[in-house]
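Taking it in order: structure first as structure tokens, then the write-up.
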Amino acid sequence: MNRVTMLVGAAEPFGRAILSALLDAGDTVAVVAVDGEASDEIETETDGRAVAFAVDPTDPENVAETFDAVVDAMGAPGAMVLLVEEAQPAWLIDGGAEGVNAAVQHRIVAPLTMVALAAERMEAGAAIALVLPSTGAHSVAKALTGATRGALEGFVRGAATELAVADIRINAVLTGAVDADAGVRPVRRTPLSRPAEPEDVAAAVLFLIADEARGVTGECLAVDGGAGASRAVP
Numbered sequence: 028m029n030r031v032t033m034l035v036g037a038a039e040p041f042g043r044a045i046l047s048a049l050l051d052a053g054d055t056v057a058v059v060a061v062d063g064e065a066s067d068e069i070e071t072e073t074d075g076r077a078v079a080f081a082v083d084p085t086d087p088e089n090v091a092e093t094f095d096a097v098v099d100a101m102g103a104p105g106a107m108v109l110l111v112e113e114a115q116p117a118w119l120i121d122g123g124a125e126g127v128n129a130a131v132q133h134r135i136v137a138p139l140t141m142v143a144l145a146a147e148r149m150e151a152g153a154a155i156a157l158v159l160p161s162t163g164a165h166s167v168a169k170a171l172t173g174a175t176r177g178a179l180e181g182f183v184r185g186a187a188t189e190l191a192v193a194d195i196r197i198n199a200v201l202t203g204a205v206d207a208d209a210g211v212r213p214v215r216r217t218p219l220s221r222p223a224e225p226e227d228v229a230a231a232v233l234f235l236i237a238d239e240a241r242g243v244t245g246e247c248l249a250v251d252g253g254a255g256a257s258r259a260v261p
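Sequential numbering from 28 applies to the sequence shown in this note's numbering.
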């Protein structure tokens, strides 16, 4: 495979696993690093097989310039994987209007802007996969995380229709809690008795952006060890 893939956000727990899977699949990867992510380290660790670009996701002009730089250096992307910023659960009443605005800007406006600007620069037949963080189902403070993830799920379903006009597919992977977040008891209550590992999420992402998934768009695939199913059973 000789596809150019933009990986926006390579932070743990899922970013490095996805990067490794993309490289193993033969993709040429442009790692669009957000904020203080170690872009130089990524290039060194991958022996130059991944090229790093810095971006400020809250600045649309900077996002456009960064994506243009990717196209100029590597060609039009055939895929984009966007890891949406994960945040610790925050109390709605503690953050007030400032907290709400920050959540909306970072976890709704920024991802939507990046998808829109990337789609303008992608080749026909391209695919986009969003990786959405856990809603913190086992945390009491989950209003903002639940609201922002719900908004992105709705966006993916709606965007599928619009992007299909440009022959671009879009899907999302819904991740669950990892061990450090969920703790022992919630993990044991899932059907698989374990959370999804980063490699599980990476495998789902690779499927959704592959030609084998050419008939799949607008879908939100949960990779959470069955946590969603366990919540549905009394």
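Beta carbons: idealized from backbone N, C-alpha and C, even for Gly.
Review point. Which two residues bound the contiguous alpha helix (DSSP H) that contains A199?
Key: In the sequence shown, counting from the first residue as 1, residue 199 sits at position 172. No alpha helix (DSSP H) contains A199, which is instead part of the beta strand (DSSP E) from R196 to T202.
Practice item. Determine, using beta carbons only, whether L201 and L233 come nearer to each other than 8 Å. Key: As a first step, residue 201 is located in the sequence shown; it is residue number 174 there, counting from the start. As a first step, residue 233 is located in the sequence shown; it is residue number 206 there, counting from the start. The answer is no: Cβ separation not under 8 Å.
**Study point:** 6 Å Cβ shell around E180 - same chain, five flanking residues per side excluded
**Key:** Sequence index remark: in the sequence shown, residue 180 carries index 153 (1-based). So the qualifying residues of the chain are C247.
Practice item. Determine, using beta carbons only, whether A44 and E226 come nearer to each other than 8 Å. Key: For this step, residue 44 is matched to residue 17 along the sequence shown. For this step, residue 226 is matched to residue 199 along the sequence shown. In contact: A44 and E226 (Cβ atoms closer than 8 Å).
Exercise for review: Give the DSSP bridge partners of V56, in chain order.
Suggested key: Locating residue 56 in the sequence shown gives position 29, where the first residue counts as 1. V56 pairs with T32 and A77.
Review point. Exposed or buried, I120, counting other C-beta atoms within 10 Å across all chains shown (16 or more means buried)?
Key: As a working mapping, residue 120 is identified with position 93 in the sequence shown. By the neighbour-count rule (16 or more Cβ atoms within 10 Å), I120 is not buried but exposed.
Practice item. Please state if the CB of F80 and the CB of R148 are separated by a distance shorter than 8 Å. Key: Counting from one through the sequence shown, the residue named residue 148 turns up at place 121. Counting from one through the sequence shown, the residue named residue 80 turns up at place 53. No, these two residues do not count as a Cβ contact at 8 Å.
Practice item. Just the C-alpha distance for A229 and A96, rounded to the nearest angstrom, thanks. Key: Start at 1 with the first residue of the sequence shown, and residue 229 comes out as number 202. Start at 1 with the first residue of the sequence shown, and residue 96 comes out as number 69. Using only the alpha carbons, I get a separation of about 26 Å.
Review point. Per DSSP, what kind of secondary structure is I236 in: helix, strand or coil?
Key: Here residue 236 corresponds to residue number 209 of the sequence shown, with the count starting at 1. Shown here, I236 sits in coil according to DSSP, grouped into three states, outside any helix or strand.
Check your understanding: If we ignore side chains and look at the alpha-carbon of each, how far apart do K169 and L144 end up?
Key -> If you number the sequence shown from 1, residue 169 lands on position 142. If you number the sequence shown from 1, residue 144 lands on position 117. In this model, K169 and L144 are separated by some 29 Å (Cα to Cα).
Practice item. Look at V61 and V82 and say whether their C-beta atoms are less than 8 Å apart. Key: As a working mapping, residue 61 is identified with position 34 in the sequence shown. As a working mapping, residue 82 is identified with position 55 in the sequence shown. Yes, these two residues count as a Cβ contact at 8 Å.
Check your understanding: If you draw a straight line from the alpha carbon of N29 to that of A130, how long is it in whole angstroms?
Key -> Along the sequence shown, read from residue 1 onward, the residue named residue 29 stands at position 2. Along the sequence shown, read from residue 1 onward, the residue named residue 130 stands at position 103. Between N29 and A130, the C-alpha separation is close to 36 Å.
**Study point:** A154 - partner residues in DSSP beta bridges
**Key:** Position 127 of the sequence shown, counting from 1, holds the residue named residue 154. In DSSP, A154 forms a bridge with A106 and R196.
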